[in-house]
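Colleague:
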Amino acid sequence: MKTLIMGNEAVACGALRAGMTFFAAYPITPASEIMHVLAEKENEIAFVHAEDEIASIHMAIGASLAGRKAMTSTSGPGMSLKQEGIGLAQMMEVPLVIVDVQRVGPSTGMPTLPSQGDIIQAAHGSHGDYTAIVLYPSSVEDCYRYTIEAFNAAEESRSPVILLLDGFLAHLSETVDLENLPVSLKARTLLPLGQGRRHFTGLLARDGIPRTKDSEYYREWYARVKNKVLQAAQNYRFYDYLKNDQAETLIIAYGITHRVVLPLRHEYSLFKPVTMFPILDKEIRAAADAHKKIVVVEMNDGQYRGEVQKLLRQEVLSIPVLGGSISLNEIRQRLHEL
Amino acid sequence: MNYKDYIRWERMPTTWCPGCAIGTIFKQLTFALADKGLRQEELVLVSGIGCSGRAAGYFNVDSVHATHGRPIAVAEGIKRANDRLKVIVFSGDGDLVGIGGNHLLHASRRDVDLTVICVNNGIYGMTGGQMAPTTPMGLKTLTSPFGNSYQPLNIQGIITANKRHWFARTSTYHLPGLQKALRGALDWKGFAFIEVMAFCIENSGRRIGFRNGYEMLLKLKQDYKIPLNPEAPLKENELGVMKNDGQTS
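Those protein sequence lines, which keep their order, are chains A and B.
Numbering-wise (the numbering used here), the first sequence opens with residue 974 and increments by one.
Numbering-wise (the numbering used here), the second sequence opens with residue 998 and increments by one.
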């Protein structure tokens, strides 16, 4: 059946379809609708309106350890608070989905206006080295699809997976037929608490025994966990590449920005990463090789441009769309000025 | 069940200093668990950061050593995910009522079915002996070198502000009282909080003139009284249980 729903609602529906049975969050614009939809499912899932974002991610970690697929949702200011829990879930290898609906920052910023300013935060926001899987859909249907994929990736990598949205996409209403979308689900990989003698800790530990002064073991542990996430991420390389044979310039854009620049496909090639991290190295390199200029259009001051530049080791141009307002005409004009 | 079944012997000896109060509370808890006949498979221990926070790893059951201040939040997630588990939080005052104060405030308000054991030594011991929210007024610590000028936090007040509540204050000296509190808390359906008055010899006691843990233990004996019929609220120097099932006014 076709229904008219918004991005946030699609995320909630996708989570339910993925088998999520625990959700904890704290209200925040523009992510609250995810909570609103799931609050009504209180008879089917465990739902907690927590005291803050820190509590909600830690509750989700506890619930995941206890055997449930778990999710929490927030926006930039809350995402900053959740970084503590993201680090813990990385260290304890807990599958989990964190939704960050981005708004203009820093701090309270412009709460109702969309942004893509949390790209680096999503990948590297918690302290220490770790490898994060970050997905970013660009349509309401994709919000549903990639929420499910985020759960699958979390199970397969046994790590916290981040699903990025922006305030625009979150509140964008589109007609979709979600029930008939084919999906495949990954089963749980973690034995639930109640087995008798395992110890989960945020400390570096081997078989539950802390090894806090063992540098050699840290390196071994780090390599294993990094490899584990990278291996799992191989199965989640999502992107969309619209090649224009006449074009000399490749535009990389994601999320709502991709939707805005879509009419430019007749003049330019468009590459849309859905899997933001680990960065789609082969795919972006291949697309870049066929073009003279590469430009990243994004609603931040070149955050993903930096990542692409690092990958390609060549000059990558940036069109930052700042302050929460985006217009195709403006982007087109700035492309001509490049 | 034997109390020894709850101890992860390969982890012994513990990280705790000679003369520390935490080991006593840890062992008393294993006695209470054995008394209740709780199987390892139905138990989960959660702790936070600090000396007391290390306790989770010494229990021979599934356990979680969370980040600083968050054990109650993690425990709430576990309990809501699987109601058949008995979830016990074992942590310190700095962790539970300092950095984790917000979670304490709200988990107790939501009356989550948890047993929370708070080792209250009035100091941040693991980080070297800084002032805690529970540090007595006037006490000299690394971050209050001229004496603490603030009132210590009234934990009883926070817990008993909820109409339905279970709160006990006991001490590492008063072992029968501690044992009774542990068993009572394990039996209570809802949020049960035990404040165990303790001490830290190495990073507080020696600086204020105690020569060993034993002397600090005797100070607890001297300072605290167990009234036969305590009136609510417990006075600052009283030990006992304050509970309300939410029905009685």
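We treat Cβ as the ideally placed atom computed from N, Cα and C, and that holds for glycine.
So, is L1225 (chain B) buried or exposed, given that buried needs 16 or more other C-beta atoms within 10 angstroms?
Modeller: exposed
Colleague: Taking buried to mean at least 16 other C-beta atoms within 10 Å of its own C-beta, is S1080 (chain A) buried or exposed?
Modeller: The residue in question, S1080 (chain A), is exposed, as its Cβ has fewer than 16 Cβ neighbours within 10 Å.
Colleague: Note down, in chain order, every chain B residue with its Cβ under 9 Å from the Cβ of V1021 (chain A).
Modeller: E1073, G1074, R1077, R1107
Colleague: Can the beta-carbon of A1004 (chain A) be found less than 8 Å from the beta-carbon of V1072 (chain A)?
Modeller: yes
Colleague: Check whether the Cβ atoms of D1090 (chain B) and N1117 (chain B) lie closer than 8 Å to each other.
Modeller: yes
Colleague: Where does K1001 (chain B) sit, in a helix, a strand or coil, going by DSSP?
Modeller: helix
Colleague: Could you compute how far the alpha carbon of R1095 (chain A) sits from the alpha carbon of V1107 (chain A)?
Modeller: Going by the sequence as given, residue 1095 (chain A) is Ala instead of Arg. One C-alpha to the other measures close to 7 Å.
Colleague: Give me the Cα-Cα distance between V1086 (chain B) and S1044 (chain B), rounded to the nearest whole angstrom.
Modeller: 6 Å
Colleague: Hey, out of B:T1138, B:V1058, B:R1081, B:G1097, whose CA is closest to G1119 (chain B)'s CA?
Modeller: With respect to the C-alpha of G1119 (chain B), the residue from B:T1138, B:V1058, B:R1081, B:G1097 having the closest C-alpha is B:T1138.
Colleague: For S1112 (chain A) and R1232 (chain A), what's the separation of their Cα atoms in angstroms?
Modeller: 8 Å
Colleague: Can we count E1221 (chain A) as close to the ligand FAD, meaning its CB is less than 7 Å from some heavy atom?
Modeller: In terms of ligand content, the structure shown is empty, and the ligand FAD therefore cannot be addressed.
Colleague: Give me the chain B residues within the contact set of L1166 (chain A), using Cβ-Cβ distance strictly less than 8 Å, ordered along the chain.
Modeller: V1041, D1059, V1061, I1075, N1079, L1082
Colleague: Could you tell me if H1162 (chain B) is buried or exposed, where buried requires 16 or more neighbouring beta carbons within 10 angstroms of its beta carbon?
Modeller: buried
Colleague: Identify whether V1268 (chain A) lies in helix, strand or coil by the three-state DSSP scheme.
Modeller: strand
Colleague: Cutting at 8 Å between CB atoms, please list the residues of its own chain near L1237 (chain A), excluding the five before and the five after it.
Modeller: I1224, L1243, L1301, I1304, R1305, L1308
Colleague: Kindly say whether D1025 (chain A), judged by its beta-carbon, lies nearer than 8 Å to any beta-carbon of chain B.
Modeller: yes
Colleague: What residues in the segment 1145-1173 of chain B bring their beta carbon closer than 7 Å to a beta carbon of chain A?
Modeller: none
Colleague: With C-beta atoms as the reference, is R1131 (chain A) less than 8 Å away from K1201 (chain A)?
Modeller: yes
Colleague: Hey, I1267 (chain A) and L1290 (chain A): beta-carbon distance below 8 Å or not?
Modeller: Going by beta carbons, I1267 (chain A) and L1290 (chain A) fall inside the 8 Å limit.
Colleague: Since I believe T1167 (chain B) is in contact with I1191 (chain B) (beta carbons under 8 Å), could you give me their beta-carbon distance rounded to a whole number of angstroms?
Modeller: 7 Å
Colleague: Within the continuous beta strand (DSSP E) that includes E1147 (chain A), where are the two ends?
Modeller: Boundaries of the beta strand (DSSP E) harbouring E1147 (chain A): 1146-1149, taken from the DSSP string.
Colleague: Suppose you measure from the CA of P1000 (chain A) to the CA of T1047 (chain A); what does that come to, to the nearest Å?
Modeller: If you take the alpha carbons of P1000 (chain A) and T1047 (chain A), they lie about 7 Å apart.
Colleague: D1115 (chain A): buried (16+ other C-beta within 10 angstroms of its C-beta) or exposed?
Modeller: buried
Colleague: Nearest chain B C-beta to A1263 (chain A) closer than 8 Å, yes or no?
Modeller: Not flagged as an interface residue toward chain B: A1263 (chain A), since no C-beta distance is shorter than 8 Å.
Colleague: Indicate whether at least one CB of chain A lies closer than 8 Å to the CB of T1011 (chain B).
Modeller: no
Colleague: Please look up how many angstroms separate the CB atoms of S1141 (chain B) and C1115 (chain B), rounded, as I've assumed it's under 8 Å.
Modeller: Not confirmed; about 21 Å, so no contact.
Colleague: Can you find the residues in the same chain that come closer than 8 Å, C-beta to C-beta, to R1005 (chain B), ignoring five residues on each side of it along the sequence?
Modeller: G1054, Y1055, F1056, N1057
Colleague: Name, please, each residue of chain A whose Cβ falls closer than 7 Å to the Cβ of G1122 (chain B).
Modeller: Correct list: empty, because the minimum Cβ distance to chain A is about 17 Å.
Colleague: Kindly list, in the order they appear in chain A, the residues whose Cβ is closer than 8 Å to that of L1008 (chain B).
Modeller: In the sequence on display, residue 1008 (chain B) carries Arg and not Leu. What R1008 (chain B) touches in chain A: I1182.
Colleague: Against F995 (chain A), what residues of chain B qualify as contacts under a CB-to-CB distance less than 8 Å, listed in chain order?
Modeller: Those are G1074, R1077, A1078, listed as they occur along chain B.
Colleague: Give the interface partners of F990 (chain A) over in chain B, defined as CB-CB distance under 7 Å, in chain order.
Modeller: The question names Phe, but residue 990 (chain A) is Arg in the sequence shown. Near R990 (chain A) there are no residues of chain B at all, since even the closest Cβ is about 19 Å away, more than 7 Å.
Colleague: Check whether the Cβ atoms of V1010 (chain A) and A991 (chain A) sit closer than 8 Å, and answer yes or no.
Modeller: In this structure, A991 (chain A) does not lie closer than 8 Å to V1010 (chain A) by Cβ.
Colleague: Which chain A residues sit within Cβ distance under 8 Å of T1064 (chain B)?
Modeller: H1031, E1057, G1058, G1060, L1061, G1175
Colleague: Tell me whether F1028 (chain B) sits in a helix, a strand or coil according to DSSP, three-state version.
Modeller: helix
Colleague: Within 8 Å of any Cβ in chain B, is that where the Cβ of L1038 (chain A) sits?
Modeller: Chain B has a Cβ within less than 8 Å of the Cβ of L1038 (chain A).
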